[in-house]
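Note that this note's numbering has the sequence shown beginning at 5, numbered continuously upward.
Even for Gly, the Cβ is constructed at its ideal location relative to N, Cα and C.
Owing to the predicted nature of the structure, the values given are computational and were not obtained by experimental measurement.
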Amino acid sequence: RRDGWWARPGRAGRPAAPGRRPARPAGLGLPRIGLDAATARLSGGERRRVALAAALVRPADLLVLDEPTNHLDVEGVTWLADHLRARAGAFLVVTHDRWFLDEVCERTWEVADGTVNPFEGGYAAYVLARAERARQFEAADARRRNLLRKELAWLRRGAPARTSKPRFRIEAAEALIADVPPPRAQLELRALAQRRLGRSVVDLQDVTVRVGDRTLFDGLTWHLGAGDRIGVIGVNGSGKTHLLRLLAGTLAPTRGSVRIGQTVRAGYLSQDVAELPDGLRTLEAVREVRASADVGGVELSASQLAERFGFGNDRQWTPVADLSGGERRRLQLLRLLLAQPNVLLLDEPTNDLDTDTLAALEDLLDSWIGTLVVVSHDRYLVERVCDSTVAILDGRLAALPGGIDEYFARRAAQGPPEPAQRRGRQGDTRAERKELARLERRIAQLQQREGTLHERLAEAATDYEAVTALEAELRRAVADRGAAEEAWLVLADRMDRQR
5 RRDGWWARPG RAGRPAAPGR RPARPAGLGL PRIGLDAATA RLSGGERRRV ALAAALVRPA
65 DLLVLDEPTN HLDVEGVTWL ADHLRARAGA FLVVTHDRWF LDEVCERTWE VADGTVNPFE
125 GGYAAYVLAR AERARQFEAA DARRRNLLRK ELAWLRRGAP ARTSKPRFRI EAAEALIADV
185 PPPRAQLELR ALAQRRLGRS VVDLQDVTVR VGDRTLFDGL TWHLGAGDRI GVIGVNGSGK
245 THLLRLLAGT LAPTRGSVRI GQTVRAGYLS QDVAELPDGL RTLEAVREVR ASADVGGVEL
305 SASQLAERFG FGNDRQWTPV ADLSGGERRR LQLLRLLLAQ PNVLLLDEPT NDLDTDTLAA
365 LEDLLDSWIG TLVVVSHDRY LVERVCDSTV AILDGRLAAL PGGIDEYFAR RAAQGPPEPA
425 QRRGRQGDTR AERKELARLE RRIAQLQQRE GTLHERLAEA ATDYEAVTAL EAELRRAVAD
485 RGAAEEAWLV LADRMDRQR
């Protein structure tokens, strides 16, 4: 028999399968919440963790989890993945966390356009299979378009020709014309113009932050520089959100100083996106910031910008209060970019976003030339868009040259990472690691550019002038990629020798 439980606040569960040994949800941080705390007084994130723990301790043949990693820290996500792998019985999980999908799932279902498409394996296997399906569809679509051209040419010969042809030819041509599948909506998140950023961004000097009787930071000194791309991790309640608010200038320290550069224009995406004007409609919320913006040399209206961020005509007139969690996050991101920030401070930006939107967000952040600080439990996001990672441990920032894997290794060994203010190993400097990551992003962008140029060359095969220009551009892209790869090899080799 089935007996499931929805891991969402407010959903009631039924007892199931007596005799099964209940799990101990030790990794969800409940002791930090307080086991005697009244649930009515808990925050939304704390209530969700309690609900998830309740789901896990109820033995069931089928466990259904809806976005279980929201409001968990990286340790909680890892613990939950380990628990589900070891658990007997079936489970179904809806999640945007791609690392989590890869760790726990044997099959992946994609829900798109009212259809459930099954794939074998986790997220990585799903991406490969989906790419292959898209390739096959494009090949079939090319054959269909070639046939369509022939049928249309036949139809255009006029009535005399059509009367001499069998009726099924006319019906087949009409079917080809009608059987054009609507293109799948592609979200396009593009960086808008941003203001110039000087050398000085934010300096925290001997900062102490107390909340009630808790001390989150004690004597913290930290420098955030121009072009820094930093991922911040830590357990729930360690002060990650407070750190972002310090950097944004919306939180005053209990002691110490926060110096923000004169050219800094910060864009802060909060975890609960409470900054949105719920009394307005979606398009009105966009126009409240700017009526139009320049994107790649083209002036786009607020409506066109909203459409590029995934809001069709109908959704543009939906009240902000009625938007889904993912839509609210996309809307707030658009409003942030319209304000032309040069420093982005993102607090759990992946919550409530689907995987297509996540990929678009990562593409945007990859090309972001300003300063970036991301608080996230999404390992895919942090490892792709950030050059360095720090952890909040015991009220201080600790550098993690080895990334999130080093965090878990050192936590397991009870050894704290080196302080963030200290330099790395000899030769393996912060600047060199930044440059290595920049070159990797540059190489990926050039590879993508080469693929686009190859597609455009195929489309312009009969246009001599266009082909000549595209071939010259392709040669430049190939040469630039070769130079970037050579620079990467030289730098990586030097760093290896100096370690």
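For this session: Mind checking who PRO122 pairs with in its DSSP beta bridge?
Result: In the sequence shown, counting from the first residue as 1, residue 122 sits at position 118. Note: PRO122 sits in a beta bridge opposite TRP113.
Exercise. Straight-line CA distance for ILE264 to THR254?
Worked result: Taking the sequence shown and counting its residues from 1, the one referred to as residue 264 is at position 260. Taking the sequence shown and counting its residues from 1, the one referred to as residue 254 is at position 250. Distance between the alpha carbons of ILE264 and THR254 is about 11 Å.
Exercise. Tell me, which residues are paired with GLY399 by DSSP?
Worked result: Residue 399 sits at position 395 when you count from the first residue of the sequence shown. Per DSSP, none; premise fails for GLY399.
For this session: Look at VAL347 and VAL268 and say whether their C-beta atoms are less than 8 Å apart.
Result: Looking up residue 347 in the sequence shown gives position 343. Looking up residue 268 in the sequence shown gives position 264. In this structure, VAL268 lies closer than 8 Å to VAL347 by Cβ.
Exercise. Would the beta-carbon of VAL206 fall within 8 Å of that of VAL262?
Worked result: Against the sequence shown, residue 206 aligns to sequence position 202. Against the sequence shown, residue 262 aligns to sequence position 258. Yes, these two residues count as a Cβ contact at 8 Å.
For this session: Mind checking who THR375 pairs with in its DSSP beta bridge?
Result: In the sequence shown, the residue the question calls residue 375 occupies position 371. Partner(s): VAL347.
Problem set entry | Buried versus exposed call for LEU493 [16 or more other C-beta atoms within 10 Å across all chains shown] | Working through the sequence shown from its first residue, we reach residue 493 at position 489. Exposed, since its Cβ has fewer than 16 Cβ neighbours within 10 Å.
Problem set entry | Continuous alpha helix (DSSP H) assignments of at least 4 residues falling wholly in the region 204 to 269 | 244 to 252
For this session: Can you check DSSP and say which residues form a bridge with PRO323?
Result: Here residue 323 corresponds to residue number 319 of the sequence shown, with the count starting at 1. ARG285.
Problem set entry | CA-to-CA distance, VAL386 to GLU311, given in whole angstroms | The sequence position of residue 311 within the sequence shown is 307, counting from 1. The sequence position of residue 386 within the sequence shown is 382, counting from 1. GLU311 and VAL386: Cα-Cα distance of roughly 27 Å.
For this session: Could you name the residues that DSSP lists as bridge partners for GLU490?
Result: For this step, residue 490 is matched to residue 486 along the sequence shown. Note: GLU490 sits in no beta bridge, so no partner.
Problem set entry | the region 381 to 396 / the region 459 to 478 touching (three or more Cβ pairs under 8 Å) | no
Problem set entry | C-alpha gap between VAL482 and GLU463, whole angstroms | Here the question's residue 482 lines up with position 478 in the sequence shown. Here the question's residue 463 lines up with position 459 in the sequence shown. In a straight line, the C-alpha of VAL482 is about 20 Å away from that of GLU463.
Exercise. Is there contact here, the region 232 to 250 with the region 324 to 335, by at least three beta-carbon pairs under 8 Å?
Worked result: no
Exercise. For LEU396, is the classification buried or exposed, using 16 other Cβ atoms within 10 angstroms of its Cβ as the cut-off for buried?
Worked result: Start at 1 with the first residue of the sequence shown, and residue 396 comes out as number 392. The identity of residue 396 in the sequence shown is Ile, whereas the question assumes Leu. It is buried - the Cβ of ILE396 has at least 16 other Cβ atoms within 10 Å.
Problem set entry | Best match in TRP83, LEU88, LEU76 for proximity to ALA4 [C-alpha to C-alpha] | Outside the displayed range of the chain (5 to 503) lies residue 4, so it cannot be described from this structure.
For this session: Tell me PHE95's beta-bridge partners as DSSP assigns them.
Result: For the purposes of this step, residue 95 is taken as residue 91 along the sequence shown, with counting starting at 1. Answer is LEU67.
For this session: Grab the span of the beta strand (DSSP E) containing LEU304 for me, first residue to last.
Result: Working through the sequence shown from its first residue, we reach residue 304 at position 300. Note, LEU304: beta strand (DSSP E), 302 to 305.
Exercise. Relative to the alpha-carbon of GLU292, which residue among PRO281, ASP117, VAL299, ARG111 has its alpha-carbon at the smallest distance?
Worked result: Position 288 of the sequence shown holds residue 292. Nearest C-alpha to GLU292: PRO281.
For this session: For the alpha helix (DSSP H) containing ASP367, list its first residue and its last residue.
Result: Translated into the one-based positions of the sequence shown, residue 367 becomes position 363. 359 to 370 is the span of the alpha helix (DSSP H), which, as asked, contains ASP367.
For this session: Report the residue from ASP318, ILE234, ASP351, ALA146 whose alpha carbon sits nearest the alpha carbon of ASN240.
Result: Counting from one through the sequence shown, the residue named residue 240 turns up at place 236. ASN240 has its Cα closest to that of ASP351, out of ASP318, ILE234, ASP351, ALA146.
Problem set entry | Close Cβ partners of ALA289 (< 8 Å) along its chain, the five nearest in sequence each way excluded | Residue numbering aside, residue 289 sits at position 285 when the sequence shown is read from its first letter. The residues are LEU280, PRO281, VAL324, LEU335, ARG339.
For this session: Mark GLN275 as exposed unless 16 or more other C-beta atoms lie within 10 angstroms of its C-beta, in which case mark it buried.
Result: Taking the first residue of the sequence shown as position 1, residue 275 is located at position 271. GLN275 should be labelled buried.
Exercise. Going by the CB atoms, is the gap between ASN355 and ARG333 shorter than 8 Å?
Worked result: Locating residue 333 in the sequence shown gives position 329, where the first residue counts as 1. Locating residue 355 in the sequence shown gives position 351, where the first residue counts as 1. Yes.
Problem set entry | Buried or exposed (CB count within 10 angstroms, at least 16 for buried), ARG45 | Walking along the sequence shown from the start, residue 45 turns up at place 41. When all chains shown are included, ARG45 counts as exposed.
Problem set entry | ILE408, buried or exposed, once every other Cβ within 10 Å from all chains shown has been counted against 16 | Start at 1 with the first residue of the sequence shown, and residue 408 comes out as number 404. ILE408 comes out buried.
For this session: Name the two residues that bound the continuous alpha helix (DSSP H) containing ALA297.
Result: As a first step, residue 297 must be located in the sequence shown, where it is residue number 293. Not the alpha helix (DSSP H): ALA297 falls in the beta strand (DSSP E), residues 296 to 299.
Exercise. Considering only the beta carbon of each residue, do TYR130 and GLU114 sit closer than 8 Å?
Worked result: On the sequence shown, residue 130 is found 126 positions in, with the first residue counted as 1. On the sequence shown, residue 114 is found 110 positions in, with the first residue counted as 1. In this structure, GLU114 lies closer than 8 Å to TYR130 by Cβ.
Problem set entry | Coarse secondary structure for LEU273, derived from DSSP in three states | As a first step, residue 273 is located in the sequence shown; it is residue number 269 there, counting from the start. LEU273 falls in the strand class under three-state DSSP.
For this session: On a CA-only basis, which of LEU224, THR219, VAL215, ASP217 is nearest LEU208? Give me that one, please.
Result: In the sequence shown, residue 208 corresponds to position 204, counting from 1. Checked all of LEU224, THR219, VAL215, ASP217; the closest Cα to LEU208 is LEU224.
Problem set entry | Environment of GLY431 [buried if 16+ CB atoms lie within 10 Å] | The residue you call residue 431 lines up with position 427 of the sequence shown. In this prediction, GLY431 has a pLDDT of 40, which is less than 50 and means its spatial position is unreliable; what the coordinates show is noted afterwards. Classification of GLY431: exposed, given that the 10 Å Cβ count is below 16.
Exercise. By a C-beta neighbour count over all protein chains shown, 10 Å radius and 16 as the cutoff for buried, is THR393 buried or exposed?
Worked result: Start at 1 with the first residue of the sequence shown, and residue 393 comes out as number 389. By the 10 Å Cβ count, THR393 comes out buried.
For this session: For the alpha helix (DSSP H) containing GLY330, list its first residue and its last residue.
Result: What you label residue 330 is simply residue 326 of the sequence shown in a count that begins at 1. Looking at the DSSP string, the run of the alpha helix (DSSP H) that includes GLY330 is 329 to 342.
Exercise. Who are the near neighbours of THR219 in its chain, counting only those whose CB is closer than 8 Å to its CB and skipping five residues on each side?
Worked result: Here residue 219 is taken as the residue at index 215 of the sequence shown, counted from 1. Here the set comprises THR212, VAL213, GLY399.
Exercise. Does the distance from the C-beta atom of LEU273 to that of LEU337 stay below 8 Å?
Worked result: Along the sequence shown, one-based indexing puts residue 273 at 269. Along the sequence shown, one-based indexing puts residue 337 at 333. Contact: yes.
Exercise. Just curious, the alpha helix (DSSP H) that GLY407 is in, first and last residue?
Worked result: The residue labelled residue 407 in the question sits at position 403 within the sequence shown. Unbroken alpha helix (DSSP H) run through GLY407: 407 to 416.
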